[in-house]
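> The structure's right below; bear with me while I get my questions together.
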Amino acid sequence: MGADQGEKSHYFHFSSKMEVINLPAVSRVAVCGGTHGNELSGVYLVREQQKKKEGAETFSLTTVMSNPRAVQQCRRYTETDLNRCFTTATLGTPISDRTPYEIVRSQELNTLLGPKGTDEAMDLICDLHNTTANMGLCLISYSACDWICLHIFKHLQKEMPTVPVRYIHFDVPQSEAYSLESVGKHGFSMEIGPQPHGVIRADIFNAMKEGIRLTLDWIHHFNSGVQFDGGEVEVYAMVKNIDYPRDMETHSITAAIHPQLQDHDFCLLHPGDPLFLTFSGKTETYKGVEPLYPFFVNECAYYEKGIALSLARRKRVAIPSIQVKTDCGKENGGEELKLEEKERTYDCSEDV
1 MGADQGEKSH YFHFSSKMEV INLPAVSRVA VCGGTHGNEL SGVYLVREQQ
51 KKKEGAETFS LTTVMSNPRA VQQCRRYTET DLNRCFTTAT LGTPISDRTP
101 YEIVRSQELN TLLGPKGTDE AMDLICDLHN TTANMGLCLI SYSACDWICL
151 HIFKHLQKEM PTVPVRYIHF DVPQSEAYSL ESVGKHGFSM EIGPQPHGVI
201 RADIFNAMKE GIRLTLDWIH HFNSGVQFDG GEVEVYAMVK NIDYPRDMET
251 HSITAAIHPQ LQDHDFCLLH PGDPLFLTFS GKTETYKGVE PLYPFFVNEC
301 AYYEKGIALS LARRKRVAIP SIQVKTDCGK ENGGEELKLE EKERTYDCSE
351 DV
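Using UniProt numbering, the letters of the sequence shown correspond one by one to residues 1 to 352.
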């Protein structure tokens with residue numbers, strides 16, 4: 001796909017010989033699982049991480065089971081989707097006896113990991129998710145110019161050659177960013193599939209485990225003063241969602257994803273390509289005006305949200321070389337961490 005105006009606009013920030021950008025150390029990191037209680041790779045990875053006693057050398061690591069009630073019931077959520085509860089408005093909602101559990105929990109997590117939009121917030125939050133769609137490993141972020149997240153993505157792409165690794169950008173204002181990772185100064189959701197909900201697959205679990213290991217390894221080296229060279233990366237910028245065809249009266253779906261599209265996430269979809277196959281056997285085609293890249297194709301959890309698939313534009317983004325900012329008297333720019341705060345863990349208890 002050729003460069004469009006959106007692609008070109010990312011290049012004016014840097015010269016061909018990119019200067020090194022100095023960024024603060026990533027001193028406090030949170031890895032969260034179980035935000036959706038039936039997405040089991042993150043649930044078991046967090047449990048595994050909590051068994052480890054050793055701490056990181058250059059940052060504190062907090063592990064959190066985000067939605068313990070949903071995890072215990074192996075359900076996506078108990079009353080409402082926790083991963084839609086982190087907008088500024090929802091985090092400021094007064095709590096009463098009738099407040100849904102997930103809204104209460106989002107405010108507890110905001111206190112623990114934030115508060116959102118403040119200097120006290122975690123430097124980086126990585127929230128772990130599974131999808132039933134054939135998406136490989138995706139980092140999903142609200143920023144296309146977060147150099148920390150983009151360099152981690154670049155590192156994962158290089159070090160995980162057998163797993164498709166992609167970066168998805170949702171262009172949403174910070175106050176309206178609704179998912180858990182938006183509480184941190186930097187953050188991304190690590191989404192990996194295909195894996196059925198309520199099921200754990202060894203290959204998917206191991207890919208997520210390797211992705212987290214490489215992420216934490218990158219943070220350690222960044223905080224230690226290693227310079228990471230810039231370059232170009234591909235970013236999938238979210239454009240829109242498409243719903244299933246539905247009966248006008250019952251609102252029930254009348255078609256399924258077409259077999260030629262099923263399991264073909266991130267394969268370019270052209271106008272006129274098969275999109276749905278109705279239950280009566282008719283093919284419905286994509287009627288968009290431009291080719292776009294489908295993802296979250298036939299995601300199980302999105303039936304209730306009216307989403308059959310999402311569409312994105314692929315753009316090239318130039319990222320600068322980066323290195324940790326050094327302060328006088330503090331080697332490598334990192335804050336001195338108390339030994340007992342090197343690693344904190346939070347299990348399935350509802351108290352935080």
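We put the beta carbon where it would ideally sit given N, CA and C, even for glycine.
Computed from a prediction, not measured in an experiment: that's the story for all the values here.
1) Under the three-state reduction of DSSP, which class applies to G211: helix, strand or coil?
2) Who are the near neighbours of R166 in its chain, counting only those whose CB is closer than 7 Å to its CB and skipping five residues on each side?
3) In the DSSP assignment, what are the bridge partners of L21?
4) Would you identify the three-state DSSP class for V297, choosing helix, strand or coil?
5) Considering only the alpha carbon of each residue, which of V29, K305 and V233 lies closest to Q157?
6) In the DSSP assignment, what residue or residues form a beta bridge with C126?
7) Tell me which same chain residues have a C-beta within less than 8 Å of the C-beta of F296, skipping the five on either side of it?
8) By a C-beta neighbour count over all protein chains shown, 10 Å radius and 16 as the cutoff for buried, is H169 buried or exposed?
9) Would the beta-carbon of G231 fall within 8 Å of that of K154?
10) Mind checking who Y142 pairs with in its DSSP beta bridge?
11) Which runs of the beta strand (DSSP E) spanning at least 3 residues fall entirely within the stretch 215-287, listed in chain order?
12) Given 8 Å as the limit, is there contact between the stretch 318-328 and the stretch 61-68, that is, 3 or more CB pairs closer than that?
13) Is the beta carbon of V29 closer than 8 Å to that of L150?
14) Buried or exposed: where does K240 fall if 16 or more other Cβ atoms within 10 Å of its Cβ makes it buried?
15) Report buried or exposed for T35, applying the criterion of at least 16 other Cβ atoms within 10 angstroms of its Cβ.
16) Would you decide whether T58 is buried or exposed? Buried here means 16 or more other CB atoms lie within 10 Å of its CB.
17) Judging by CA-CA distance, which residue of H270, Y286 and L45 is the nearest neighbour of G33?
18) Give me, in chain order, the residues of the same chain whose beta-carbon lies closer than 6 Å to that of E177; leave out the 5 immediate sequence neighbours on both sides.
19) Which word fits K305, buried or exposed, when buried means at least 16 other C-beta atoms lie within 10 angstroms of its C-beta?
20) Mind the definition here: the stretch 216-225 touches the stretch 68-83 only if three or more C-beta pairs lie below 8 Å; say whether that holds.
21) Kindly indicate which three-state DSSP category V64 falls into: helix, strand or coil?
22) Given this structure, state the Cα-to-Cα distance separating M122 from S106, to the nearest angstrom.
23) What does the Cβ neighbour count give for V20, buried or exposed, with the cut at 16 atoms within 10 Å?
24) With DSSP run on the structure shown, which of helix, strand or coil describes S310?
25) Pull up the DSSP beta-bridge partners for R316, would you.
26) Going by Cα to Cα distance, which pick from L128, G211 and F276 is closest to G42?
27) Exposed or buried, what is Q50 when buried is set at 16 or more other beta-carbons lying within 10 Å of its beta-carbon?
Here's the rundown:
1) Position 211 of the sequence shown, counted from the first residue, corresponds to residue 211. Looking at G211 - three-state DSSP - the assignment turns out to be helix.
2) Counted from its first residue, the sequence shown places residue 166 at position 166. Closer than 7 Å at the Cβ level, and outside the excluded window around R166, lie G136, C138, Y236 and F266.
3) As a working note, residue 21 is residue 21 in the sequence shown. Here residue 21 is Ile; the residue named in the question, Leu, does not match the sequence. Note: I21 is bridge-paired with I322 in the DSSP secondary-structure output.
4) In the sequence shown, counting from the first residue as 1, residue 297 sits at position 297. V297: coil per DSSP, three-state reduction.
5) The residue labelled residue 157 in the question sits at position 157 within the sequence shown. Nearest option by C-alpha distance: V233.
6) Taking the sequence shown and counting its residues from 1, one reaches residue 126 at position 126. Its beta-bridge partners are V31 and F188.
7) By 1-based counting over the sequence shown, the position of residue 296 is 296. Non-local beta-carbon contacts of F296 in its own chain, meaning distances under 8 Å to residues more than five positions away in sequence, involve T131, A133, M135, D265, Y302, I307, L309 and S310 in chain order.
8) The count along the sequence shown starts at 1 and reaches residue 169 at position 169. Flag for H169 reads buried.
9) The count along the sequence shown starts at 1 and reaches residue 231 at position 231. The count along the sequence shown starts at 1 and reaches residue 154 at position 154. A contact, by the Cβ cut-off of 8 Å.
10) Position 142 of the sequence shown, counted from the first residue, corresponds to residue 142. Paired residues: none, contrary to the question.
11) Inside the stretch 215-287, DSSP marks whole beta strand (DSSP E) runs of 3 or more residues at positions 231-242, 255-257, 274-278 and 283-285, from first to last along the chain.
12) Flag = no, the stretch 318-328 and the stretch 61-68 do not touch.
13) Sequence index remark: in the sequence shown, residue 150 carries index 150 (1-based). Sequence index remark: in the sequence shown, residue 29 carries index 29 (1-based). In terms of Cβ geometry, L150 and V29 do not form a close pair [threshold 8 Å].
14) As a working mapping, residue 240 is identified with position 240 in the sequence shown. Classification for K240: exposed.
15) Your numbering for residue 35 matches position 35 in the sequence shown. Its Cβ being crowded by 16 or more others within 10 Å, T35 is buried.
16) Here residue 58 refers to the residue found at position 58 when the sequence shown is read from its first residue. Buried.
17) Mapped onto the sequence shown, residue 33 falls at position 33. Among H270, Y286 and L45, the Cα nearest to that of G33 belongs to L45.
18) Reading the sequence shown from its first residue, position 177 is the one you call residue 177. First, the amino acid is wrong: residue 177 is Ala here, not Glu. For A177, where only same-chain residues beyond five positions count, the Cβ hits under 6 Å are Y142.
19) Here residue 305 is taken as the residue at index 305 of the sequence shown, counted from 1. Exposed, by the Cβ-count rule.
20) The stretch 216-225, when compared against the stretch 68-83, does not touch it at the 8 Å Cβ threshold.
21) Mapped onto the sequence shown, residue 64 falls at position 64. Strand, per DSSP.
22) Numbered from its first residue, the sequence shown carries residue 122 at position 122. Numbered from its first residue, the sequence shown carries residue 106 at position 106. A direct Cα-to-Cα measurement between M122 and S106 gives close to 15 Å.
23) Taking the first residue of the sequence shown as 1, we reach residue 20 at position 20. The Cβ neighbour count for V20, taken over all protein chains shown within 10 Å, is under 16; the residue is labelled exposed.
24) Mapped onto the sequence shown, residue 310 falls at position 310. Note: S310 maps to strand in three-state DSSP.
25) Walking along the sequence shown from the start, residue 316 turns up at place 316. R316 pairs with E234.
26) Walking along the sequence shown from the start, residue 42 turns up at place 42. The shortest CA-to-CA distance from G42 to any of L128, G211 and F276 is the one to L128.
27) Indexing the sequence shown from 1 puts residue 50 at position 50. The residue in question, Q50, is buried, as its Cβ has 16 or more Cβ neighbours within 10 Å.
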